[in-house]
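Remarks on the structure that follows.
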Amino acid sequence: MIGQNSKAISQDEVFFPGILSFLETLFCLGKTPLLKERIPSLEEFLKRGSSFCHHLDHLHHPSKIIDRNAKSLTPQSREKNCARHYREATVFLFTSWYEGFGLPPLEAMASGTAVVATDCGGIRTYAQEGYNVLLAEPGDVDSLAYALVFLLQNEEARKILEERGRATALEFSLEKQALKLEEVLQGIARNASLFPFSRTTG
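Residue numbers for the sequence shown follow my numbering, so the first one is 76 and each next one is one higher.
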């Protein structure tokens with residue numbers, strides 16, 4: 076999650092999961108002129124060392140990071156802190172190359188946070204470009220950077236995505252999904268003859 080935290084503090088913050096693929100994208104984003112100017116704390120963090128392994132060593136020791144505004148979500152802290160980070164972030168950034176469903180962007184929407192994501196497959200179940208999310212092709216760092224800066228600098232557009240995202244998330248509540256599953260199963264039961272099967276007799 077990347078954003079100027081208007082909900083809790085006045086400084087830019089960087090949130091990222093402790094995985095290499097995301098850090099690689101974050102490194103590329105930090106090199107774009109747009110984000111160098113808008114989020115200098117990101118570039119400062121990425122100056123530490125030349126290898127991703129060096130950065131990964133610091134992911135699990137946030138106190139060692141030179142920029143105190145750069146924070147990570149380790150597996151140990153994710154469940155405890157993730158909901159709070161979702162709520163406090165201004166923009167949630169999702170950079171997967173492929174997802175079956177992709178729950179994190181929907182979680183961010185439910186928390187009332189604007190989402191920038193890669194068009195990585197399953198999230199199209201709920202993500203609509205320009206309506207409740209800003210999408211970019213996987214690996215398109217320039218488009219991701221542009222979308223991030225656009226939302227950071229345009230509060231009105233960000234608020235629209237937040238409201239629409241929250242409404243979208245409500246359509247995917249556990250209760251509604253359970254009802255949809257029940258409808259599917261009942262439909263199968265009513266039309267059992269359409270699903271022939273063979274029995275093996277001994």
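The C-beta atom is built at its ideal place from N, Cα and C for all residues, glycine as well.
query	result
Spatially closest choice to residue 188 from 269, 266, 171, 227, by CA coordinates	227
Pair within 9 angstroms by beta-carbon distance, residue 186 and residue 222	no
Closest by C-alpha distance to residue 218, when choosing among 232, 238, 191, 244	191
Residue 279 in three-state terms, based on DSSP	In the structure as shown, the chain begins at 76 and stops at 277. Residue 279 is therefore absent and cannot be evaluated.
Local Cβ density within 10 Å of residue 168, reported as buried at 16 or more and exposed below that	buried
Any C-beta of chain C under 9 angstroms from that of residue 247	In the structure shown, chain C does not exist; there is a single protein chain.
Continuous alpha helix (DSSP H) stretch holding residue 224: start and end	216 to 228
Rounded Cβ spacing between residue 240 and residue 216 (contact assumed at less than 8 angstroms)	So it is not a contact: roughly 23 angstroms between Cβ atoms.
Counted within 10 angstroms of its Cβ, other Cβ atoms place residue 269 as buried (16 or more) or exposed	exposed
Contact check, residue 176 vs residue 200, beta carbons under 9 angstroms	yes
Cβ neighbour criterion (16 or more within 10 Å) applied to residue 263	exposed
Beta-carbon proximity check, residue 211 vs residue 183, cutoff 9 angstroms	no
First and last residue of the uninterrupted alpha helix (DSSP H) at residue 259	249 to 265
Residue closest to residue 242, alpha-carbon to alpha-carbon, out of 202, 213, 196, 258	202
For residue 195 and residue 161, believed in contact at Cβ under 8 angstroms, the rounded distance	At roughly 19 angstroms, the Cβ-Cβ gap does not stay under 8 angstroms, so residue 161 and residue 195 are not in contact.
Alpha carbon of residue 244 to alpha carbon of residue 220, nearest angstrom	25 angstroms
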